[in-house]
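For the sequence shown, position 657 (counting from the first letter as 1) is numbered 657 according to UniProt numbering, and the numbering increases by one without interruption. Glycine included, every Cβ here is placed at the ideal spot set by N, Cα and C. Remember, it's a predicted structure, so these values are computed and weren't measured experimentally.
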Amino acid sequence: MYENAKRKYAVVDLEATSAGSNAAIIQVGIVIIENNQISKTYSTDVNPHETLEKNIIQLTGITDAQLAKAPDFSQVAREIFDLIEDCVFVAHNVKFDANLLAEQLFLEGYELRTPRVDTVELSQVFYPSFEKYGLSYLADALDLDLSQAHTAVSDAYATAQLFLQVKEKIENLPKELLESILPFADALLFESRMLIDDAYQLARPLMNPDYDLRHGLVLRREKRVKISKQMSQQFEINRHLLGLEDRQQQEQFVHEILAAFEENRPTFIEAQSGIGKTYGYLLSLLAKKEVDQLIVAVPTKVLQDQIMAQEATAIKRVFGIEACSLKGPANYIKLDAFYHSLKNPSDNNLVNRFKMQLLIWLMETQTGDLDEIKQKNRFESYFDTLKHDGYLASNSLFKDVDFWERCYERSKFCKLLVTNHAYFLERIQDDKAFAKGKHIIFDEAQRLVLTLDTFSRQQLEIKKLLIDLQKALNETDSLLDKRLLEEIIFELNNLAENVYKEHYDRGIKQLEQDDLVLLKQALSELSLACVKPLQDTLLSHYSDFWISTVYDSESDMRHIFFNAGSKELLNFKNMLPDMQKLYFISATLKISHNVNLANLLGFDTASFITLPRQKDKHQRLLIDSSMPLLSDISEQQYALEIAKRIDLLFHYHYPILVLFTSKQMMLWVSEYLDSWSIKHLTQIKNGTPYQLKKRFDRGDSTILLGTGAFWEGVDFVQADRMIEMIARLPFDNPKDPLSKKIELQLKAQGKQPFWDYFLPLSVLKLKQAIGRTQRRYQQKSVVLILDSRMLHRPYGSFVYEVLKEDFYISSQNFAKSLVEISEFLL
Numbered sequence: 001m002y003e004n005a006k007r008k009y010a011v012v013d014l015e016a017t018s019a020g021s022n023a024a025i026i027q028v029g030i031v032i033i034e035n036n037q038i039s040k041t042y043s044t045d046v047n048p049h050e051t052l053e054k055n056i057i058q059l060t061g062i063t064d065a066q067l068a069k070a071p072d073f074s075q076v077a078r079e080i081f082d083l084i085e086d087c088v089f090v091a092h093n094v095k096f097d098a099n100l101l102a103e104q105l106f107l108e109g110y111e112l113r114t115p116r117v118d119t120v121e122l123s124q125v126f127y128p129s130f131e132k133y134g135l136s137y138l139a140d141a142l143d144l145d146l147s148q149a150h151t152a153v154s155d156a157y158a159t160a161q162l163f164l165q166v167k168e169k170i171e172n173l174p175k176e177l178l179e180s181i182l183p184f185a186d187a188l189l190f191e192s193r194m195l196i197d198d199a200y201q202l203a204r205p206l207m208n209p210d211y212d213l214r215h216g217l218v219l220r221r222e223k224r225v226k227i228s229k230q231m232s233q234q235f236e237i238n239r240h241l242l243g244l245e246d247r248q249q250q251e252q253f254v255h256e257i258l259a260a261f262e263e264n265r266p267t268f269i270e271a272q273s274g275i276g277k278t279y280g281y282l283l284s285l286l287a288k289k290e291v292d293q294l295i296v297a298v299p300t301k302v303l304q305d306q307i308m309a310q311e312a313t314a315i316k317r318v319f320g321i322e323a324c325s326l327k328g329p330a331n332y333i334k335l336d337a338f339y340h341s342l343k344n345p346s347d348n349n350l351v352n353r354f355k356m357q358l359l360i361w362l363m364e365t366q367t368g369d370l371d372e373i374k375q376k377n378r379f380e381s382y383f384d385t386l387k388h389d390g391y392l393a394s395n396s397l398f399k400d401v402d403f404w405e406r407c408y409e410r411s412k413f414c415k416l417l418v419t420n421h422a423y424f425l426e427r428i429q430d431d432k433a434f435a436k437g438k439h440i441i442f443d444e445a446q447r448l449v450l451t452l453d454t455f456s457r458q459q460l461e462i463k464k465l466l467i468d469l470q471k472a473l474n475e476t477d478s479l480l481d482k483r484l485l486e487e488i489i490f491e492l493n494n495l496a497e498n499v500y501k502e503h504y505d506r507g508i509k510q511l512e513q514d515d516l517v518l519l520k521q522a523l524s525e526l527s528l529a530c531v532k533p534l535q536d537t538l539l540s541h542y543s544d545f546w547i548s549t550v551y552d553s554e555s556d557m558r559h560i561f562f563n564a565g566s567k568e569l570l571n572f573k574n575m576l577p578d579m580q581k582l583y584f585i586s587a588t589l590k591i592s593h594n595v596n597l598a599n600l601l602g603f604d605t606a607s608f609i610t611l612p613r614q615k616d617k618h619q620r621l622l623i624d625s626s627m628p629l630l631s632d633i634s635e636q637q638y639a640l641e642i643a644k645r646i647d648l649l650f651h652y653h654y655p656i657l658v659l660f661t662s663k664q665m666m667l668w669v670s671e672y673l674d675s676w677s678i679k680h681l682t683q684i685k686n687g688t689p690y691q692l693k694k695r696f697d698r699g700d701s702t703i704l705l706g707t708g709a710f711w712e713g714v715d716f717v718q719a720d721r722m723i724e725m726i727a728r729l730p731f732d733n734p735k736d737p738l739s740k741k742i743e744l745q746l747k748a749q750g751k752q753p754f755w756d757y758f759l760p761l762s763v764l765k766l767k768q769a770i771g772r773t774q775r776r777y778q779q780k781s782v783v784l785i786l787d788s789r790m791l792h793r794p795y796g797s798f799v800y801e802v803l804k805e806d807f808y809i810s811s812q813n814f815a816k817s818l819v820e821i822s823e824f825l826l
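Below is the structure:
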């Protein structure tokens, strides 16, 4: 056993001909650490006596000519062994480096038996909120010196710095926290736990007044709210104090916000993207003495987090105004559930590593929001057991430090409350006092119709239902219950199998009442707990039923859902309590001459303000006339055509955002790019929209393939030059239940659903998407629309003319577009 004080560490990085079992070493980098200081470095090339693959040359910069002059491994084996034989072997992904080096040394007669420590796993545990744990990412996050990435000695030097930082962080943890971590430390690879064991021997009890010790959990105390400064009543002064640029359209927007402040009726303000609406309404309304609390509701949690991280943080820094982000309880950790999971040992090493990670995270988090754990999707079933249910027992061990309760209480008194549309609806359903008498802004308000419809639905996953039903069938002794359960299982299996046998448009199969007669009959005769979700869905007030499917590329599985909803849209106006002032803000509120958002939400009287739009000379729209129509080729061929265009644009080295209306087509394009070794990020495959956006902004990849949330509400402000590609016009699925509801409602009003709603709405979604890449002055972008229906279908001229009002637009073949893109973005 090595004594802690005398330990030497050899931090090793190898470059090799491949990552496989037959790899040969081509470069060795070693950094020796003694007494917590880097004492020595060693580096050598190694001749593998084989030609390098092209991707290895591109990755490392090492060439065949360079290696031809290098020594054989046999010539350097002795000095490498002598250097590291009395050290702890440390590496970033130690399994690969240690196994490969030990194997090569063994072949030369040297047996390497040193303990091994892995900095990947240690980083995952002790930096729990990081999105990635690759060396390049960690170098940026922790300010490590990685001047020449994928050069062995440079990587080893950066890993050595990382090791020292992790080691220091562990050694500074209180003894009580280390004691809670130790029972799970065997889940770490090889001897990585030795750093925790060593730290525990020297650790001191918790003395820091900024933390609470509760039953082995170390929790950060809630910060005291500071008294806010007085904001100026003049928007220009507040803007100047924040260091924001002057925007004429933003000032017009602020004027309209303030002019409508005293009006009792709701105000709908339509203003184009990129003018700074968020700062506009925040700085003008938070300065008002009459505003005790401003509630801002946005469509997604991604945008909610974005406002908290950017605008709310800046306003707090300058003016001291506290902001609170409130989500549904399931977003927060339930400390009682986590505490009990610590008492129940798991055979799964990944779960045990997550337990260590969460123990560290709880010492750092202010919010308890599980979205801060960016790696939780690796074992979602464990995290599902930790989600808060909104209920806290009177005998809870953590009653006065519960994150959800703490956030819930803080939300009552903070000056600025940021939430999302879905939680707002959920909250006012149970507690109208939450919004009564408040000033409220619905940002990206056009998304409310979809959120309302989702709120009125019930969705059950058929596979999970079948598992619960089968378990009940195996356990029940009642013959009648067995027969009824068998009937229900048969009917559900039949519905699920039909989805695979038939091809439904975008995975939706509408159900008729005849399809459900036997299922309803069997459910009405049972009183078992396992059928209650189905009873609440099928035997309640819902009148519309359908089956939907969702493909999960990570698990390569198609999930099948049973859905229920009402045939009519919810009346949003009737759901609301009396409020001081209500604003609806978006770039797209007026859908057509005959339909606007106020109508769809149930407002008979409202003020509707449209700010004048300006064409931006820094943005161009190009329609690809050479793109084939989807009606003439298969969807997979269409995906190939998209991928070919991405490949050609990729060589310009500008960031490329590609928006899809179909997840399947997006995944096909991703497969083509993978086969061509074109590095890219893909929604679903590579993480959540929030994670992907941060990685894309950071430059991890210059290509991002996205759908859903990327069409609206996610802004790309980092790149000075950018290309956006739109695969298809964003028409709503006519078989979607929401589309059917709106169609029925408009027909009942004597309107034409396609021309008055669905076509204009598609154009508005298109405008939203175009606005994603034009968010600040002097930012240049080209938007390439690949859907040539704009040039060949009767409705195409309508779309073209509407876009022409706001953008500089032209159509041409792709070869000509390449030239124009190159010239315009210079």
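Residue burial classification, residue i (beta-carbon count within 10 angstroms, cutoff 16)
{"i": "residue 827", "result": "No information on residue 827 is available, as it lies outside the stretch 1 to 826 that the chain covers here."}
{"i": "Glu-111", "result": "exposed"}
{"i": "Glu-263", "result": "exposed"}
{"i": "Pro-794", "result": "exposed"}
{"i": "Thr-537", "result": "buried"}
{"i": "Thr-114", "result": "buried"}
{"i": "Ser-781", "result": "buried"}
{"i": "His-215", "result": "exposed"}
{"i": "Gln-306", "result": "buried"}
{"i": "Asn-563", "result": "buried"}
{"i": "Val-471", "result": "In the sequence on display, residue 471 carries Lys and not Val. Lys-471 comes out exposed."}
{"i": "Glu-311", "result": "buried"}
{"i": "Tyr-133", "result": "buried"}
Contacting residues, own chain, Cβ-Cβ under 6 Å from residue i (five flanking each side not counted)
{"i": "Gln-238", "result": "Residue 238 is actually Asn in this sequence, not Gln. Result list for Asn-238: Met-231, Ser-232, Leu-283, in chain order."}
{"i": "Asn-594", "result": "Lys-751, Asp-756"}
{"i": "Leu-729", "result": "Ser-762, Asp-787"}
{"i": "Ile-560", "result": "Ile-462, Ala-496, Val-499, Thr-549"}
{"i": "Gln-510", "result": "Trp-546"}
{"i": "Arg-427", "result": "Phe-434"}
As assigned by DSSP and simplified to three states, the class of residue i
{"i": "Val-517", "result": "helix"}
{"i": "Val-418", "result": "strand"}
{"i": "Met-722", "result": "strand"}
{"i": "Asn-55", "result": "helix"}
{"i": "Val-449", "result": "helix"}
{"i": "Ile-785", "result": "strand"}
{"i": "Thr-313", "result": "helix"}
{"i": "Gly-280", "result": "helix"}
{"i": "Lys-816", "result": "helix"}
{"i": "Glu-290", "result": "coil"}
{"i": "Gly-274", "result": "coil"}
{"i": "Leu-473", "result": "helix"}
{"i": "Leu-681", "result": "strand"}
{"i": "Asp-632", "result": "coil"}
{"i": "Leu-528", "result": "coil"}
Those residues which DSSP pairs with residue i across a bridge
{"i": "Ser-739", "result": "Per DSSP, none; premise fails for Ser-739."}
{"i": "Tyr-583", "result": "Thr-267, Ile-441"}
{"i": "Trp-546", "result": "Gln-510, Asn-563"}
{"i": "Gly-29", "result": "Asp-13, Ser-43"}
{"i": "Ala-323", "result": "Leu-416"}
Residues near residue i in its chain [Cβ-Cβ closer than 8 Å; skip 5 each side]
{"i": "Gly-280", "result": "Phe-235, Gln-250, Phe-253, Val-254, Ile-257"}
{"i": "Tyr-654", "result": "Thr-702, Ala-719, Arg-721, Met-722, Ile-723, Leu-825"}
Contacting residues, own chain, Cβ-Cβ under 7 Å from residue i (five flanking each side not counted)
{"i": "Gln-535", "result": "Leu-523"}
Any C-beta of chain C under 8 Å from that of residue i
{"i": "Val-717", "result": "Among the chains in the structure shown there is no chain C, since it carries only a single protein chain."}
Pick out the complete alpha helix (DSSP H) segments inside the segment 119-144, 4 residues or longer, and give them in chain order.
-> You should have 119-126, 135-142.
Continuous alpha helix (DSSP H) assignments of at least 4 residues falling wholly in the segment 577-622 | Counting whole runs of 4 or more residues, the segment 577-622 contains the alpha helix (DSSP H) stretches 597-601.
Starting from the N-terminal side, write out each stretch of the alpha helix (DSSP H) that is 4 residues or longer and does not extend beyond the segment 167-222.
-> 175-181, 194-202
3 or more residues per run - each beta strand (DSSP E) lying fully within the segment 66-94 | 88-91
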